[in-house]
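To convert, count from 1 in the sequence shown and add 239; that's my numbering. We put the CB at the ideal spot given by N, CA and C, even for glycine. Bear in mind that the values here come from a model prediction, so they are computed numbers and not experimental data. Read through the structure below, which is laid out as structure tokens, and then see the notes.
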Amino acid sequence: MNTAEFDTLVIGGGASGMAAALSAAEEGWKVVIVEREEFLGGILHQCIHNGFGLHYFKEELTGPEYAERFSDMVESSKITVYLNMTIMDIMKEGDGLTVYGLSMDPGMVRFKVRAVVFANGCRERNRGNIGIPGTRPSGVFTAGLAQRLVNLEGFVPGKECVIVGSGDIGLIMARRMSWIGANVKAVVEIQPNPAGLTRNIVQCLNDFDIPLYLSHVVGKIKGKERVEGVEVIPLENGIQQPEKMFSLECDTLLLAVGLVPDNELARKIGVELNQETGGPVVDSRLMTAIEGVFACGNLLHVHDLVDFVTEESSRCGKFVSEFLIGKRPEKQYRTNPGKNVKYIVPNYYEGARENVFYMRTLIVKNNAILSVKVKGTEIYRKKLRHIQPSEMIQFSLKEEDFKLIKDKGVMEVSIE
């Protein structure tokens, strides 16, 4: 077995992993990226549509272009990269960590490191996760798999298509299937509001006259060898109304029903998970309760834009660097979601530096108020023109904001 020693090991070579690795390497640390695919870039390579990079690079790029910019930076740096390698195990040993990776060449490698960054993203929820009744014919795909088949493999999944879920990937695939000549019958969404960004609703559905059925579910899949159709059932106050059921004929059903953080390795080492996000519980410096183990990107919580993933992961790399030189926060305090807030990340804050937070709401509202209180004392207040669960909210609290309170404690973030 080969043994390699590094300061930091980053699991995942997508946008998150590359940003975190580059940020840590800029500080002079010896960094290694382990990626299970044959190239860096992760999911970006199959996202051939534009809309990437507007925030980070101030220009519009496709997914592969965005990935190439970062992979070029990694290639020109001193970062070591292992491709086609799967992480098999990770263990805490003394002051460091031991990570085992396996590939065809060079085989099993034992990495001795001081810090590990989990940046291995999400996986898609499938039919089994949501329990759609009916037969088990061919023609049922997750939207991400269909995207890969169309954009990378050159296959057309079907000709008559129904999409379950109005998340961004579902909306983008509705447009993509239309472009390749398929007839997209409808997008079916269980919630009363779309789950994707407003711009994608307009560009992917409205511009192509694709119906969006809100507060509806697919109650049954029909077909023997191949999908022949689906039964769509309306909801009223969350209750199915079978008497109003209608059928849509189709040969393909795409599922865009959410993402699940790929946290099996994190769970294996004992990392505490956030029940709302599915990702790890982290402190103000994106470190888990296990010293030296960090998390960022979509593994931590699902982001709207890759630009936000990059920004968060770059900060994570800086926090790793601070950890490696021995910097630790004096004291941290819990951050809790309050009224109308689904979750807030990170789960702790410290009052001696700027803290950046990401959150999602539970409601749709115009002219909402974001309120941050510590032990009942409001330290931050901001008016938001429009909020909805599908759009992440980002805000930051500076050190001077915490000077308004003498006795720090649990912070509650709410929407009024």
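Check: Test item: CB-CB of G367 and K461 under 8 Å; Outcome: no
Check: Cβ pair C361, V541 closer than 8 Å; Outcome: yes
Check: Short Cβ contact (8 Å threshold) for V352 with G340; Outcome: no
Check: Whether F447 touches S417 by CB criterion (8 Å); Outcome: yes
Check: Uninterrupted beta strand (DSSP E) stretches inside the stretch 397–442 (no shorter than 3 residues); Outcome: 399–403 and 422–427
Check: C361: first and last residue of the uninterrupted beta strand (DSSP E) it sits in; Outcome: C361 to E363
Check: Exposed unless 16 or more other CB atoms sit within 10 angstroms - verdict on E314; Outcome: exposed
Check: Pair within 8 Å by beta-carbon distance, V271 and A263; Outcome: no
Check: Segment contact flag, the stretch 546–566 with the stretch 293–302, C-beta cutoff 8 Å, min 3 pairs; Outcome: yes
Check: Bridge-paired residues (DSSP) for P500; Outcome: C361
Check: For F562, the first and last residue of its enclosing beta strand (DSSP E); Outcome: Counting along the chain, F562 falls outside any beta strand (DSSP E), though it belongs to the alpha helix (DSSP H) covering V545 to L563.
Check: Same chain only: Cβ atoms within 6 Å of S523, ignoring 5 sequence neighbours per side; Outcome: Q571, P585, Y587, Y588, E589 and N594
Check: Simplified DSSP assignment, three categories, for Q571; Outcome: coil
Check: Continuous beta strand (DSSP E) assignments of at least 3 residues falling wholly in the stretch 580–632; Outcome: 580–584, 594–600, 604–613 and 616–626
Check: Separation of L525 from N575, as counted between CA atoms; Outcome: 16 Å
Check: Collapsed DSSP secondary structure at P481 in the structure displayed; Outcome: helix
Check: Counted within 10 angstroms of its Cβ, other Cβ atoms place A495 as buried (16 or more) or exposed; Outcome: buried
Check: In chain order, each beta strand (DSSP E) run of at least 3 residues that lies wholly inside the stretch 282–346; Outcome: 319–321, 325–332 and 335–341
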